[in-house]
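Undergrad: In the order they appear, the protein sequences are chains A and B.
When the letters of the first sequence are read in order and numbered with UniProt numbering, they come out as residues 1 to 351.
When the letters of the second sequence are read in order and numbered with UniProt numbering, they come out as residues 1 to 351.
C-beta: ideal position from N, C-alpha, C; glycine also.
Here the structure is a predicted model, which is why all the values come from computation and not from measurement.
Pasting in a structure now, in structure tokens, and then I'll have a few things to ask.
There are 2 protein chains.
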Amino acid sequence: MATSVVVGEEVIRNKQVIFKDYVSGFLKESDMQVINGTLKLKLPEGSNGIVVKNLYLSCDPYMRNRMTRVEGPNLFSSFTPGSPLTGFGVARVLDSGHPNFKKGDLIWGTTGWEEYSVITELEGLFKIQHTDVPLSYYTGILGMPGLSAYVGFYEVCSPKKGEYVFISAASGAVGQLVGQFAKLMGCYVVGSAGSKEKVDLLKRKFGFDDAFNYKEENDLDAALKRYFPEGIDIYFENVGGKMLDAVLLNMKDHGRISVCGLVSQYNLDQPEGVQNLMCLIYKRIHMKGFVVFDYYNIYPKFLDVMLPYIREGKIMYVEDIAEGLESGPAALVGLYSGRNVGKQVVLIARE
Amino acid sequence: MATSVVVGEEVIRNKQVIFKDYVSGFLKESDMQVINGTLKLKLPEGSNGIVVKNLYLSCDPYMRNRMTRVEGPNLFSSFTPGSPLTGFGVARVLDSGHPNFKKGDLIWGTTGWEEYSVITELEGLFKIQHTDVPLSYYTGILGMPGLSAYVGFYEVCSPKKGEYVFISAASGAVGQLVGQFAKLMGCYVVGSAGSKEKVDLLKRKFGFDDAFNYKEENDLDAALKRYFPEGIDIYFENVGGKMLDAVLLNMKDHGRISVCGLVSQYNLDQPEGVQNLMCLIYKRIHMKGFVVFDYYNIYPKFLDVMLPYIREGKIMYVEDIAEGLESGPAALVGLYSGRNVGKQVVLIARE
């Protein structure tokens, strides 16, 4: 993503959310700044990138990790201080120097936190073919979080009918889908979330068998024993820390833990220590981390499954849409205190 | 295991190591007491147990866990205060009320820390058929630790030729075998141990490619980076705690961690917290605990593999044999400070 002012050609305002500097501790809105940049809408001769108009931006927990200075090779590079944040989004192609994309195409993938972006890294961009569903869905249920839920549950957990499934951050973009996949498979499903409203959503909208507000539980071990007197077969891990320690004590023998995220840890300078790993042995637990990028090749198959589920109303989906790029920093910060209800999206432009 | 004094029949002295009371913190010799009990060598009419003369007893790290009061269901029951310790051993059958065992048979399995035991729980006892190898081997390379090494490496790690393998507590009963299995498979193998003598043993006797004394490393992360500049494919976990945290930072993508034991934690009232679990995600790590009992059904197959290895000298094996039941408490305590060099065994009786 680059911004350049070119005088005498078609140069327009390009509002941007700038990453000010590396962050330590909890992310604050003031770690980001909204500025008015400019952009030339036409690509330079010979470029094989694309120019896009951003429509929706996605707030995803992993973004906090890109705000810490990363030393050495890592899954993600750090954001560049002084440049716009980048993240998943939905955009319309305005100009293209690449044969796979043409003006007018809708795409989802990594773009900038700005009104318009020049994208030169096209690997991992998907063309949107199905527009009978809301476009914002491609930041969530039909995008990276949706595919994460799908592979993290079906591929990592090897679920079976009748198993006991626990999901943390269960009303979030990934959790709400995992719970519904588990119900479709005939599992018993309980989720944790951080407010009464979210707990109600889990039980009433998403069909979870039960749900609880972890903020109201002094003793997470006791809470889990109440909801899973027979133990947990599958834990879909989104939060880490104290919840993981409590879950380890409540896993059944040969249980599986799919490690998708550890959002409770991302704003801590030192992660909390997890103490109950001895349970991995006693309970013969299989714990596996995964990264959704490894499964991009099954995205077409995933769409074939998900689109009918959505069209037929078999899977519900709740988004929390903030309006305007200016609301982006607050929306992103809110993710780490659980302010959002459902998938947090930022609407940049209605076409 | 029970002891009874019966007057007027064949009653003999039965020296025993008594578990005095539940232990907190580091195990001390004074947590056990050697006493002279007595035992009637003949089974009561109608019993389907066996009476055995114990020949070798095994000191195994998990035994410390049985010295803590266990609440609720667990893999192991706690030892009973006032009664002898129990553990793996090799014994000769003196009397049998069970059709599967007859007087004169040699067995290995769970017996008492005493000269003679009455065993009524016969599940998990194996008859020893091959006596061209030292009988003590059935407490180690041909017993529970050997089978643990075998399944923990081959079944849990899915090793491939050329992979980078790290083993902690590498000169112990399990570690020394895992390293040799990995070398036989064509892996690059490094082990950690707690003394120069052990490090030499790993390199010279067991054929490890390299080894280091973890007690001399201030920075385990830096040490691992030195021995594995390209990272670790397989970690065979015997110790836990700080070593696990350092290993997580040095795993390669799609690495596997076989969790066999966490001996560094067994004497702590609160386990150390492991902080680097985020690596499970970034590196797509598969971490799996296992319990050897689940694999007892493959013991015959295991023997078919191991006996030729031993007879042909393809696998080396080092034992640390303490003489006499009186030396049992010190031998067991020494296990947790790493005093033993190789598999710790207690010789109870030469026949």
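1) Using the beta-carbon count (16 or more within 10 Å), is alanine 331 of chain A buried or exposed?
2) Return the first residue and the last residue of the beta strand (DSSP E) that valine 292 of chain B is part of.
3) I'd like to check one pair, tyrosine 188 of chain B with tyrosine 164 of chain B: are the Cβ atoms closer than 8 Å?
4) Which one or two residues does DSSP pair with glutamate 319 of chain A in a beta bridge?
5) Around the C-beta of lysine 15 of chain B, are 16 or more other C-beta atoms found within 10 angstroms, so that it is buried, or is it exposed?
6) Buried or exposed: which applies to phenylalanine 79 of chain A, given that a residue is buried once 16 or more other Cβ atoms fall within 10 Å of its Cβ?
7) Residues of chain B with a CB under 7 Å from the CB of glutamate 272 of chain A: which are they?
8) Tell me, which residues are paired with glycine 191 of chain B by DSSP?
9) From serine 327 of chain B to phenylalanine 76 of chain B, what does the alpha carbon distance come to, in whole angstroms?
10) Using a beta-carbon distance below 8 Å, is residue 362 of chain B in contact with chain A?
11) Assuming the contact rule is C-beta atoms closer than 8 Å, glycine 194 of chain A and lysine 215 of chain A should be a hit. Round their C-beta distance to whole Å, please.
12) Please decide whether aspartate 294 of chain B counts as near chain A, where near means a Cβ-Cβ distance under 8 Å.
13) Over what stretch of residues does the alpha helix (DSSP H) that includes methionine 306 of chain B continue unbroken?
14) With a CB to CB cut of under 6 Å and the five nearest residues on each side skipped, what residues in its chain are close to leucine 262 of chain B?
15) Checking 8 Å against the spacing of the C-beta atoms, do glycine 152 of chain A and lysine 343 of chain A come in under that value?
16) What's the C-alpha gap between tyrosine 138 of chain B and tryptophan 113 of chain B?
17) Along chain A, which residues have their Cβ under 8 Å away from the Cβ of phenylalanine 290 of chain B?
18) For leucine 133 of chain B, collect the residues of the same chain with a Cβ closer than 8 Å to its Cβ; drop the 5 residues on either side in sequence, then sort them by chain order.
19) Could you tell me the alpha carbon to alpha carbon distance between lysine 196 of chain B and valine 17 of chain A, rounded to whole angstroms?
20) Alanine 91 of chain B by DSSP, collapsed to three states: which one?
21) Applying the criterion that 16 or more other CB atoms from any shown protein chain within 10 Å of the CB defines a buried residue, is proline 44 of chain B buried or exposed?
22) Around the Cβ of aspartate 31 of chain A, are there at least 16 other Cβ atoms within 10 angstroms (buried) or fewer (exposed)?
23) Please report the straight-line C-alpha distance between methionine 251 of chain B and phenylalanine 166 of chain B, rounded to a whole angstrom.
24) According to a CB-to-CB cut-off of less than 7 Å, which residues of the region 170 to 194 of chain A neighbour chain B?
25) Just verifying my parser: in three-state terms, what is the DSSP assignment at arginine 66 of chain B?
26) Between which two residues does the alpha helix (DSSP H) holding isoleucine 281 of chain A run?
27) Considering Cα atoms alone, identify which of A/Gly49, A/Arg204, A/Lys198 and A/Ser168 is closest to lysine 242 of chain A.
28) Does the beta carbon of threonine 3 of chain A sit closer than 8 Å to a beta carbon anywhere in chain B?
29) Going by C-alpha to C-alpha distance, which of A/Ile234, A/Ala223, A/Asp60 and A/Val199 sits closest to lysine 161 of chain A?
30) Please list the partners that glycine 240 of chain A has in chain C, where partner means a Cβ-to-Cβ separation under 9 Å.
31) Who are the neighbours of residue 384 of chain A on chain B, taking C-beta pairs under 8 Å?
32) Establish whether the CB of valine 151 of chain B and some CB of chain A are separated by less than 8 Å.
TA: So, from the data block:
1) buried
2) Neither: valine 292 of chain B is in no beta strand (DSSP E) and is coded neither H nor E.
3) yes
4) A/Lys343
5) buried
6) buried
7) Gly273
8) B/Ile167 and B/Ala211
9) 25 Å
10) Residue numbering for chain B in the displayed model covers 1 to 351; residue 362 of chain B lies beyond these limits and cannot be assessed.
11) 5 Å
12) yes
13) 299 to 311
14) Gly240
15) no
16) 16 Å
17) Ile281 and Arg284
18) It is worth fixing the name first, because residue 133 of chain B is valine in this sequence and not leucine. Hits under 8 Å: Leu142, Leu307, Ile310 and Arg311.
19) 57 Å
20) strand
21) exposed
22) buried
23) 10 Å
24) none
25) helix
26) 278 to 282
27) A/Ser168
28) Residue placement at threonine 3 of chain A cannot be trusted, given a pLDDT of 47 that sits under 50; what the coordinates show is reported in the next sentence. Judged by the 8 Å Cβ criterion, threonine 3 of chain A is not in contact with chain B.
29) A/Ile234
30) In the structure shown, chain C does not exist; the protein chains are A and B.
31) In the structure displayed, chain A extends from 1 to 351; residue 384 of chain A sits before or after that span and is not available.
32) no
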